[in-house]
Amino acid sequence: MDVERDDLKALIEAILLVSAKPVTLQRLERVIQEGRRTIKEALEELILEYRAGNRGFYIEEVAGGYQFRTRERFTPWLKRLEGLKPPSLSQAALETLSIIAYRQPVTRAEIEEIRGVDVGGVLKGLLEKRLIRVLGRKDIPGRPMVYGTTREFLELFGLKDLSSLPMLKEGADEE
Amino acid sequence: MDVERDDLKALIEAILLVSAKPVTLQRLERVIQEGRRTIKEALEELILEYRAGNRGFYIEEVAGGYQFRTRERFTPWLKRLEGLKPPSLSQAALETLSIIAYRQPVTRAEIEEIRGVDVGGVLKGLLEKRLIRVLGRKDIPGRPMVYGTTREFLELFGLKDLSSLPMLKEGADEE
Amino acid sequence: MSYTVKLEIFEGPLDLLLYLIKKNEINIYDIPIAEITRQYLEYIELMRSLNLDIAGEFLVMASTLIYIKSRMLLPPSEEGEEETVEDPRKELVDRLLEYRRFKEAARWLVERPILGRDTFARSSLITEVEREKREIDLEESSAILLLEAFREVLKRASRERPLEITVSRISVMERIEEILETLSRRGTVDFLSLFPDRYDRSLAVVTFLALLELVRLRMVSVHQVEPFGRIIIKGVGCGEG
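Chains as they are written, first to last, in the numbering used here: chain D, 56 to 230; chain C, 56 to 230; chain F, 23 to 263.
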């Protein structure tokens, strides 16, 4: 009896692990094929257990379902994790990134002047990837935002700091 | 001290939860920024705890990293979850894959010699599934491509690394 | 002996040969080549009569078998000792053994706990969740972001209504209490919703100062779901934690 309850809890855990999205009670019922009361009770015990223990994540009741969520106090580390994701950078992103790296703080207009194309979408992507950030605004008419690179940028490219960027060849850019 | 260790374990849990792919020890080090020994010890404790408890999942050492995996006895229920795509591997694909796993880097001609049939289509399928990849070209006439297995291959079969493959039986034994 | 073929799909000629060897309980090191060749050709015949596609490799193997059979019929060559004469079957046997090793390896693989079949990990759908959970790092720049947003509020206020000097009816401390009270009730609050009266510039200033103070005291945290998106104020210690 008690073993069954324990097993039911373990099964719910497994379901929550596999499901990225919140799992509704109906869904649990369909998958487990036990009565709603039984499932709900096991689930509630499980929620309490996760809450009580010193665990890295807990069960959150969210969007009409249940979901594993990491504890907020670990967020600073987990953010680093995202920054460590294998990069997927388009050529356009890479070019834009290099302009920002060497010319920061730099405005969107300045980047577009160099690249000769609109970079709105690219900037948004780089901001989402946290490779660049808004450093502030430039004191010129329109007060455009200026962009700079982030810590994640350094991490991604294995740079100790910005001064470790290779020197830009002066003049003679074409060969 | 003990609290710190507990917290470290919880942090590792959180990292494993948010990572879709196996997390390497190096990655844990970079994210947590603690010594490798400390992390490894906490990790091993955590692995044992998961193994001992009646939990829905455990930590598997796979593809050079660590990953939460559901316990096999819950598979019949988990299969009912919508949106799961079971891997489809034909006998031809499995045989080709095992030849590549053991003989990499290996050319298509070498695989065909062993299997005695054309493997063009099978190779294409395996490449698409990212279970194999082109490692380069062999320095023989025609410079044929050579193939090897990927991290995804290890993940799919729950292998820690290539050395976890069993020794090939040499010659003389029939059942 | 009459022999009925159970029609199976074979991976190739080697696979078929291994099947015949096993079925007949033959020692692989001493294959009765005539009998195996007969059965092999029978199988090919059957495939042909069923109008099945016969891969070229099957036919190549058929001729190899016939060649070996004919070599076996030849008397041992006269010169040299018999030991140095290689068994005509050797090359084929080596190939069969090699292939069988990999078939066994394949069987070992398929018996592994296979991801997606026997065991599951977090699915690839997870990226969506990560995106939901993603929050901009505001540790250093939260004040700037607030300032940006605040500037927007003020700009709108001044654009939509002539500036008006009003005496603040509420102190920063009082506004802090109000905000905390809202947070304790709701956990989080949308930044802009703290500025309900877009025309009340002084209330906006007080609200903004109150927020800055709360950030400084680490009593609230500021979150932005996406760059330039909504800013959420979260009470520290509210909800989970």
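Just so it is clear, CB atoms sit at the ideal spot from N, CA and C, and this is done for glycine as well.
Go ahead and label F:Y89 buried or exposed: buried means 16 or more other beta carbons lie within 10 angstroms of its beta carbon, across all protein chains shown. exposed
I need the straight-line Cα distance from F:R129 to F:I58, nearest angstrom please. 25 Å
Do you know how far the Cα of C:G180 is from the Cα of F:E108? 40 Å
To the nearest angstrom, how far is the alpha carbon of F:H245 from that of D:V174? 26 Å
Note down, one range per segment and in chain order, each alpha helix (DSSP H) of at least 4 residues found wholly within the region 73-130 of chain D. Every unbroken stretch of the alpha helix (DSSP H) spanning 4 or more residues and falling wholly within the region 73-130 of chain D is given here in chain order: 80-87, 91-107.
Determine the burial state of F:V151: buried for a count of at least 16 other Cβ atoms within 10 Å of its Cβ, exposed for fewer. Only weak support exists for where F:V151 lies, its pLDDT of 35 falling under 50; the value from the coordinates is given anyway. So F:V151 counts as buried.
Chain C contact for F:P54 (CB, 7 Å cutoff): Put simply, the CB of F:P54 is far from chain C, with every gap to its CB atoms at 7 Å or more.
Against chain C, with Cβ distances strictly below 7 Å, would D:T125 count as a contact? yes
Quick check on D:K184: does DSSP put it in helix, strand or coil? coil
Can we count D:G180 as close to the ligand ATP, meaning its CB is less than 6 Å from some heavy atom? Summarising the ligand content, the structure contains no ligands, and the ligand ATP is consequently not present.
List the residues of chain F whose Cβ lies closer than 7 Å to the Cβ of C:K224, in chain order. R123, E126
Can you confirm whether the region 108-122 of chain C touches the region 67-82 of chain C when touching is taken to mean that 3 or more C-beta pairs between the two stretches lie within less than 8 Å? yes
Name the two residues that bound the continuous beta strand (DSSP E) containing F:V242. 242-246
Inter-residue spacing [alpha-carbon to alpha-carbon] between F:V242 and C:E96: 35 Å
Spatially closest choice to F:L214 from F:R144, F:R252, F:L234, by CA coordinates: F:R252
Own chain partners of F:V258 with C-beta closer than 7 Å, once the 5 adjacent residues on each side are dropped: R240, M241, V242, S243
Specify the secondary structure class of F:R70 as computed by DSSP and reduced to three states. helix
Among D:Q88, D:D62, D:Q81, nearest to C:G108 - alpha-carbon criterion: Cα-wise, what sits closest to C:G108 is D:D62.
Burial state of F:Y51 (16 or more Cβ within 10 Å): exposed
Is there a Cβ of chain F sitting closer than 7 Å to that of C:R185, yes or no? no
Do you know how far the Cα of C:R60 is from the Cα of D:G111? 12 Å
Beta-carbon neighbours of F:L12, restricted to chain C and to distances below 9 Å: Summary: the structure shown does not reach residue 12 of chain F, with chain F confined to residues 23 through 263, and so no result is reported for it.
Listing by chain order, which chain C residues have their CB less than 7 Å from the CB of F:D140? E127, T130
In terms of alpha-carbon separation, which member of C:T130, C:R92, C:L178 lies closest to C:R188? C:L178
Under the rule that 16 or more other beta-carbon atoms within 10 Å means buried, what is F:K336, buried or exposed? Outside the modelled stretch of chain F, which goes from 23 to 263, sits residue 336 of chain F, for which no answer is possible.
The beta strand (DSSP E) enclosing F:E253, as first and last residue numbers: According to the sequence as given, residue 253 of chain F is Ile; it is not Glu. Segment 253-257, the beta strand (DSSP E) holding F:I253.
Straight-line gap, C:T205 to C:L186 (C-alpha atoms, nearest Å): Near 5 Å, if we compare the C-alpha coordinates of C:L186 and C:T205.
Contact between the region 162-173 of chain D and the region 126-133 of chain D is defined here as three or more beta-carbon pairs at a separation below 8 Å; is this criterion met? no
D:L66 versus C:Y202 - alpha carbon distance: 40 Å
On a CA-only basis, which of C:E68, C:G90, C:E99, C:L139 is nearest F:G138? Give me that one, please. C:L139
At the 7 Å Cβ level, is D:D61 part of the contact set with chain C, yes or no? yes
Closest Cα partner of F:P35 within the set F:Y121, F:P135, F:S206, F:L231: Scanning F:Y121, F:P135, F:S206, F:L231 for the CA closest to the CA of F:P35 turns up F:Y121.
Any beta-carbon of chain F closer than 7 Å to the one on D:V86? no
Are the CB atoms of F:I53 and F:R111 within a distance shorter than 7 Å? yes
Alpha-carbon to alpha-carbon, D:S145 and F:V132: 38 Å
Do F:K256 and F:T210 have their beta-carbon atoms positioned less than 7 Å apart in this structure? yes
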